[in-house]
Amino acid sequence: MNKSRGRPRGGSDAKERILAAAQASFLQRGYNATTMRSVAAAADVDPALISYHFGSKQGLFGGAMALGISPGQVIAQVLEGDPEQIPQQIIRSVLAIWDDPELGGSLTLLVTQAQRDPALLRAFREYVERELTARLAEHIGGTDATERAGAVLTVTLGLIFSRNVLGLNPTAAMDSERIVRLLAPGLAAVLRQTGSAPDGG
Numbered sequence: 002m003n004k005s006r007g008r009p010r011g012g013s014d015a016k017e018r019i020l021a022a023a024q025a026s027f028l029q030r031g032y033n034a035t036t037m038r039s040v041a042a043a044a045d046v047d048p049a050l051i052s053y054h055f056g057s058k059q060g061l062f063g064g065a066m067a068l069g070i071s072p073g074q075v076i077a078q079v080l081e082g083d084p085e086q087i088p089q090q091i092i093r094s095v096l097a098i099w100d101d102p103e104l105g106g107s108l109t110l111l112v113t114q115a116q117r118d119p120a121l122l123r124a125f126r127e128y129v130e131r132e133l134t135a136r137l138a139e140h141i142g143g144t145d146a147t148e149r150a151g152a153v154l155t156v157t158l159g160l161i162f163s164r165n166v167l168g169l170n171p172t173a174a175m176d177s178e179r180i181v182r183l184l185a186p187g188l189a190a191v192l193r194q195t196g197s198a199p200d201g202g
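All residue numbers for the sequence shown refer to the numbering used here, where the first residue is 2 and numbers rise by one.
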């Protein structure tokens with residue numbers, strides 16, 4: 002008999018149990034130590050049900066933290082695009098998400114709560130390091146890939162804080178494409194660098 006390829010069984014409240022177990026695990030154990038299998042065990046569901054509902058660990062994190070979108074999945078899609086447009090697309094994606102009242106609102110709430118909650122801050126920091134910095138570093142390659150990926154994140158997080166969290170002008174009032182034109186060259190320069198020392202210096 003062929004196995005069903007539909008939704009794995011887990012009970013009518015399975016998704017809610019998964020989210021509760023995942024949130025507790027992320028806060029208690031951090032992002033890195035939390036596994037989909039351990040969350041499934043805590044929620045008393047088939048691990049396949051987590052994949053069915055959330056797709057991946059980063060999707061589960063987004064659901065558990067009530068985020069409307071997974072930043073890790075967004076950066077993965079950007080990196081699959083035109084290599085020449087990656088700097089522009091990174092900035093456009095950041096602006097599209099954070100300027101959206103619903104999506105940006107949930108992320109801003111997470112960031113502000115993380116500043117007051119050490120457990121949430123640790124989980125969020127580990128998420129960013131693993132799903133954003135590490136993924137970008139792998140794409141960049143080279144001996145200093147992690148440092149350059151960190152530099153890209155520094156620029157984009159600075160943009161988020163100045164524009165969307167603190168509301169600082171002129172960045173907060175600036176047209177999004179103007180921001181792309183201003184910041185993309187710097188990101189492009191970082192992404193083009195190599196691990197070798199510059200000539201003459």
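All residues carry an ideal CB built from backbone N, CA and C; glycine is no exception.
Please read these numbers as outputs of a predicted model, since none were measured by experiment.
Using DSSP with H/G/I as helix, E/B as strand and the rest coil, what is residue i?
| i | result |
| --- | --- |
| I70 | coil |
| G1 | Only positions 2 to 202 of the chain appear in this structure, which leaves residue 1 out of reach. |
| V75 | helix |
| N165 | helix |
| E81 | coil |
| S57 | coil |
| V46 | coil |
| M37 | helix |
| P171 | coil |
Which residues in the same chain have their Cβ closer than 7 angstroms to the Cβ of residue i, if we skip the five residues on either side of it in sequence?
| i | result |
| --- | --- |
| V156 | L184, G187 and L188 |
| A146 | A138 |
| I51 | I19, M37, V40, A41 and L61 |
| A34 | none |
| Q237 | Residue 237 lies beyond the residue range present for the chain, which begins at 2 and ends at 202; the question has no answer from this structure. |
| V191 | R149, A152 and V153 |
For the alpha helix (DSSP H) holding residue i, just list the boundary residues, first then last.
| i | result |
| --- | --- |
| R117 | First-last for R117: undefined, no H or E at that position. |
| A190 | S177 to R193 |
| V129 | No alpha helix (DSSP H) contains V129, which DSSP labels as neither H nor E. |
| L96 | I87 to W99 |
To which residues of the same chain is residue i closer than 6 angstroms at the C-beta, ignoring the five residues directly before and after it?
| i | result |
| --- | --- |
| K16 | H54 |
| E132 | Q59 and G73 |
Verify the contact flag: residue i, CB atom, against every heavy atom of the ligand FAD, threshold strictly below 7 angstroms.
| i | result |
| --- | --- |
| V46 | Looking for the ligand FAD in the displayed structure turns up nothing, as the structure carries no ligands at all. |
Handout entry: Sufficient close CB pairs (3 or more, under 8 angstroms) joining the region 150 to 164 to the region 64 to 75
Key = Note that the region 150 to 164 does not touch the region 64 to 75; fewer than 3 beta-carbon pairs, one per stretch, sit closer than 8 angstroms.
Exercise for the section: Determine, using beta-carbon pairs with one atom in the region 21 to 36 and one in the region 119 to 139, whether at least three such pairs fall under 8 angstroms. Expected result: Enough Cβ pairs lie closer than 8 angstroms, so yes.
Handout entry: At least 3 beta-carbon pairs within less than 8 angstroms: the region 77 to 85 vs the region 97 to 108
Key = Because the criterion of three Cβ pairs below 8 angstroms is not met, the region 77 to 85 and the region 97 to 108 do not touch.
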